[in-house]
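Numbering (my numbering), first residue to last: 2 to 80.
All C-beta atoms in this analysis are idealised placements derived from N, C-alpha and C, irrespective of residue type, glycine included.
Here you go:
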């Protein structure tokens, strides 16, 4: 493997590690959000809490998709 390939592989690994950290952080935030919804609605609205939990899953998917797209895009050439 040449120098350019090694550098590209290293950058890809670094981007992947950063992406993993962001996904873990977002997962923790989502768990906190779900817990807050459960506490806020209390025993009166378990159906609404379940619905809000389900709605948060597509949001997490969208955030992960955007993070992956940003991590995998070609870096701009700086001169």
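Contacting residues, own chain, Cβ-Cβ under 8 Å from residue i (five flanking each side not counted)
i: residue 24; result: 65 and 68
i: residue 28; result: 61
i: residue 17; result: 72
Where residue i falls: helix, strand or coil (DSSP)
i: residue 21; result: helix
i: residue 12; result: helix
i: residue 74; result: coil
i: residue 3; result: coil
Same chain, Cβ closer than 6 Å to residue i, neighbours up to 5 away in sequence not counted
i: residue 61; result: 31
Residues near residue i by beta carbon distance below 7 Å, same chain, minus five either side
i: residue 20; result: 68, 69 and 72
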